[in-house]
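Novice: Please read through the structure below; I'll follow up with questions.
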Amino acid sequence: MALRPYIVGNWKMNGTRAMLAEARSIDRGAARHPGVQVGIAPPFTLVHTMAEAAEAIGVGGQDCHAKASGAFTGDVAAAMLADAGAGFVIVGHSERRAMHGEADADVRAKAEAALAAGLGVIVCVGETEAQRDAGQAEAVVTGQVAGSLPQGDVAAAQLTVAYEPVWAIGTGRVPSVDDVSAMHRAIRAKLVELLGEGGADVRILYGGSVNAGNAAELLAAEDVGGALVGGASLTAESFLTIVAAAAIDGE
Ligand code: PEP
């Protein structure tokens, strides 16, 4: 089964209300490509307003807490994101893993909280440059998949895995198409091992310095089901070029 391509913009800690005009342009442009699922994960402060205005795109969070409520100053629960209009959340981004000390078990707990709140969840995995140089990339990434995925019955449509080599994020460096394909094959095999047949229907996104110039080649790689895009998602011009590159038969 061909899975609907999924292109997601991660705005990270960028964007005030002035950026909502850009989101509206992305929304209008995405409507021209109904064959592509498009999402934007803005900072928490913009989720509600963006979600209210969005017609063609999904709006998501960049993180959530594993608990439903409580004394967790500064954190946001998955149900709060859903209440604000979010439809999905990214968990386990390498910046969260590195800067906030999140381990696989934390990511799994967040992913389970997201699903319980009715959100789709994008679970990020990826090796560091040192791990790749040491020949450990596949073992590290498939280990992260095994440790970070939510447990229990998971509908494939609600779960997405994003493969983001840490050394490719925000650096302008990308792995070769062969390396991307090899890693996506390894992730697919692990998903099928963990989830059974449903593992074949989980989309695996590539992320790391995707831009308007390299998107078509990366999206054509074996088992690449879309892209998680940081810097190039901040303008409608570059992000919509990536969306268009994902469109099958122009849709
Ligand atoms: C990201 O942070 O998820 C990402 C892929 O960033 P960039 O596209 O800027 O490398």
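Using the numbering used here, read the sequence shown as starting at 5 and increasing by one per residue.
Here a beta-carbon is modelled for each residue, glycine too, at the ideal position from N, C-alpha and C.
1) State buried or exposed for ALA86, treating a residue as buried only when at least 16 other CB atoms are found within 10 Å of its CB.
2) Here's the rule: buried if 16 or more other CB atoms are within 10 angstroms of the residue's CB, otherwise exposed. What is SER249?
3) Could you tell me whether the Cβ atoms of ALA160 and VAL125 are closer together than 9 angstroms?
4) For the beta strand (DSSP E) that VAL93 lies in, which residues bound it at each end?
5) Please name the residue in PHE48, ALA120, PRO154 whose C-alpha comes closest to that of LEU199.
6) What residues match up with GLN41 in a beta bridge as DSSP calls it?
7) List the residues that DSSP assigns as beta-bridge partners of ILE164.
8) Can you find at least 3 beta carbon pairs, one from the segment 144 to 153 and one from the segment 188 to 203, that sit closer than 8 angstroms?
9) For ALA45, which option in LEU123, ARG8, ASN218, GLY78 has the closest C-alpha, if you only look at C-alpha atoms?
10) Entirely within the segment 58 to 117 and at least 3 residues each: give me those beta strand (DSSP E) ranges in chain order.
11) How big is the Cα-Cα spacing for LEU209 and TYR167?
12) Taking the CB atoms as reference points, tell me whether GLY43 and VAL12 lie closer together than 9 angstroms.
13) Would you say the beta carbon of LEU232 comes nearer than 8 angstroms to a heavy atom of the ligand PEP?
14) Can you give me the C-alpha to C-alpha distance between GLU133 and ALA172, rounded to a whole angstrom?
15) Would you check whether the ligand FMN has a heavy atom nearer than 8 angstroms to the C-beta of GLU106?
16) Check whether the Cβ of ALA172 lies closer than 8 angstroms to any heavy atom of the ligand PEP, and answer yes or no.
17) How would you call ILE252, buried or exposed, if buried means at least 16 neighbouring beta carbons within 10 angstroms?
18) So VAL63 and MET54 are in contact, right, with Cβ under 8 angstroms, and what is the actual spacing, rounded?
19) Using alpha carbons as the reference points, say which of HIS97, ALA216, SER29 lies closest to GLY176.
20) Going by other Cβ atoms of all chains shown within 10 Å of its Cβ, with 16 needed for buried, is HIS97 buried or exposed?
21) Just the Cα atoms here: how many angstroms apart are VAL181 and MET103?
Specialist: According to the structure shown:
1) buried
2) Position check: residue 249 holds Ala in this sequence, whereas Ser was assumed. So ALA249 ends up on the buried side.
3) For ALA160 and VAL125, no; Cβs fall outside 9 angstroms.
4) 92 to 95
5) Shortest Cα-Cα distance from LEU199 to any of PHE48, ALA120, PRO154 involves PRO154.
6) TYR10
7) One detail in the question is off: residue 164 reads as Thr in this sequence, not Ile. For THR164, which the question treats as bridged, DSSP gives the partners ILE126, ARG207.
8) yes
9) LEU123
10) 62 to 65, 92 to 95
11) Rounded to the nearest angstrom, the two C-alpha atoms are 6 angstroms apart.
12) yes
13) yes
14) 9 angstroms
15) What this structure holds is the ligand PEP, not the ligand FMN.
16) yes
17) exposed
18) In this structure VAL63 touches MET54 by the C-beta definition: roughly 5 angstroms separates them, less than 8 angstroms.
19) Per the Cα distances, ALA216.
20) buried
21) 29 angstroms
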